[in-house]
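Each residue of the sequence shown is one higher than the last, beginning at 327 in our numbering.
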Amino acid sequence: MSGDTDLIKLYSARILALAADIPHLERLDAPDATIKKRSPLCGSTITVDVQVEDGRITGFGQDVKACALGQASASVVGGAVIGTTRSQVETARDQLKAMLKQDGPVPDAPFDGLEVLIPARGYKNRHASILLALDATAEAMKQAEQANCA
């Protein structure tokens, strides 16, 4: 019975509110890069579009098909990502991974809202879904920068 109680605590009102209000759910008409990522463990997917100017995200769109935890992560990322650099996104991705897998600290601002996902540390089968938004955004930024250099 404690497993059920833990799962109920995991899906807190805050996580469910984030999952219900994901920013930038409209795909971009003319992205500089588009990346689709899938978690093989749970089947969650996210497609991210970015527009980049002077090394910063100026446009962002996402299509999120994930569990509530993946949706909550995408919500925080979507709310924080405009104006960030590839380095900031990659750092946040690495910090989120460490937070989940190694009890590391919460990611730096502007991605510090991901602290809401600390209770998911014990649910390893959900980690890939939680990481999808930042994984896809980092890869899209890399692709956009390579396209702009070519």
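Think of the CB as a built atom: it goes at the ideal place given N, C-alpha and C, for glycine as much as any other residue.
Asked	Found
Which one or two residues does DSSP pair with Ile-364 in a beta bridge?	Rather than Ile, the amino acid found at residue 364 in this sequence is Arg. Partner(s): Thr-371.
In this structure, does DSSP put Glu-352 in helix, strand or coil?	coil
What did DSSP end up calling Ile-456 once you bin it into helix, strand or coil?	helix
Buried or exposed for Thr-384, going by 16 or more other Cβ atoms inside 10 Å?	exposed
Applying the criterion that 16 or more other CB atoms from any shown protein chain within 10 Å of the CB defines a buried residue, is Leu-367 buried or exposed?	exposed
Please check the pair Gln-388 and Val-374, which I expect to be a contact at CB under 8 angstroms, by giving their CB distance rounded to whole angstroms.	5 angstroms
Do Leu-342 and Ala-394 have their C-beta atoms closer together than 8 angstroms?	yes
Can you name the start and end residues of the alpha helix (DSSP H) that Thr-384 belongs to?	Per DSSP, Thr-384 belongs to no alpha helix (DSSP H); it is in the beta strand (DSSP E), 382-391.
Using 8 angstroms for Cβ pairs, my map puts Val-376 next to Asp-358. What's the rounded Cβ distance?	6 angstroms
Exposed or buried, what is Leu-351 when buried is set at 16 or more other beta-carbons lying within 10 Å of its beta-carbon?	exposed
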